[in-house]
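Worksheet for the structure shown next.
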Amino acid sequence: AQSVTQLGSHVSVSEGALVLLRCNYSSSVPPYLFWYVQYPNQGLQLLLKYTSAATLVKGINGFEAEFKKSETSFHLTKPSAHMSDAAEYFCAVKSGANSKLTFGKGITLSVRP
Amino acid sequence: EAEVAQSPRYKITEKSQAVAFWCDPISGHATLYWYRQILGQGPELLVQFQDESVVDDSQLPKDRFSAERLKGVDSTLKIQPAELGDSAMYLCASSTAAFIENTIYFGEGSWLTVV
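In order, the protein sequence lines correspond to chains A and B.
Residues -16 to 96, numbered by this note's numbering, are exactly what the first sequence covers, in order.
Residues 9 to 123, numbered by this note's numbering, are exactly what the second sequence covers, in order.
Next up, the structure:
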């Protein structure tokens, strides 16, 4: 079985500060990992994905994530937060032959002026 | 840029009534998914289609929910009768094929409020 854990439900940072959103996964086989962003009343937009090609993955809007097998983690970072980054962020995993995408509970990011 | 289209965006219905949601995936996408997202939680898969066939409906409450994709293109998700606990966002998504490396693209979602 595959699963994702996103600890905490809310992160608040100041504009210009580092953004760090944590994600840990559980999978019995090498996983494919994804970060999606959801703005209010909208669907999910793919930020980035890890598919085993490189452990450091760069995505849209200046976000990146690093796959660390030893820590079973795939944390999302951005060096400098913008007000427009305020949204909900979901980590998700696929593994094995199953193409099913399993999501974490999500983290709400707030950005203070 | 091609998008997954969903309608209606918002629906308010009374308990015990029937409600239906429609989805048109990105052209050429063989795999179609319906997810349910309860407020404050991550999306959960309800049903997955490969072309017109259901490949996973293990989490679909079949006593009241049904889904179809008759011609392997657009799809309809129906709830009958609706219950208060069905209030959620229903997300449709699609991908070119059901391979693990393929990206799944989501629509804007359909918000359902059951009163």
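C-beta: ideal position from N, C-alpha, C; glycine also.
These figures come from a predicted structure and were not determined experimentally.
According to DSSP, residues forming a beta bridge with residue i
i: B:L92; result: None; B:L92 has no bridge partner.
i: B:D82; result: Note: B:D82 sits in no beta bridge, so no partner.
i: B:S103; result: B:T39
Host beta strand (DSSP E) of residue i (start-end)
i: A:C6; result: It is not in any beta strand (DSSP E) - A:C6 carries neither H nor E in the DSSP assignment.
i: A:S93; result: I90 to R95
i: B:D64; result: S61 to D64
i: B:L68; result: Careful: B:L68 lies outside any beta strand (DSSP E) and carries neither H nor E.
i: A:V(-4); result: H(-7) to S(-3)
Contact set for residue i: own chain, Cβ-Cβ below 8 angstroms, skip 5 residues either direction
i: B:E22; result: A90, V122 and V123
i: A:G(-1); result: S63 and A64
i: A:L1; result: T60, K61, P62, S63 and A64
Proximity test, Cβ basis, 8 angstroms: residue i and chain B
i: A:G26; result: yes
i: A:S53; result: no
i: A:S(-14); result: no
i: A:S67; result: no
Min CB distance residue i to chain A below 8 angstroms
i: B:L85; result: no
i: B:I112; result: yes
i: B:D82; result: no
i: B:D64; result: yes
i: B:L40; result: no
i: B:L68; result: no
Residues that residue i contacts on chain A, provided the C-beta gap is smaller than 9 angstroms
i: B:Q49; result: F86, K88 and G89
i: B:L78; result: Simply none; closest approach about 22 angstroms.
Residue i: contacting residues in chain B (beta-carbon distance under 8 angstroms)
i: A:T34; result: E109
Within chain B, partners of residue i - CB distance below 7 angstroms
i: A:K77; result: I108
Chain-ordered chain A contacts of residue i [CB-CB under 7 angstroms]
i: B:G115; result: G26
Residues near residue i in its chain [Cβ-Cβ closer than 7 angstroms; skip 5 each side]
i: B:I46; result: A96
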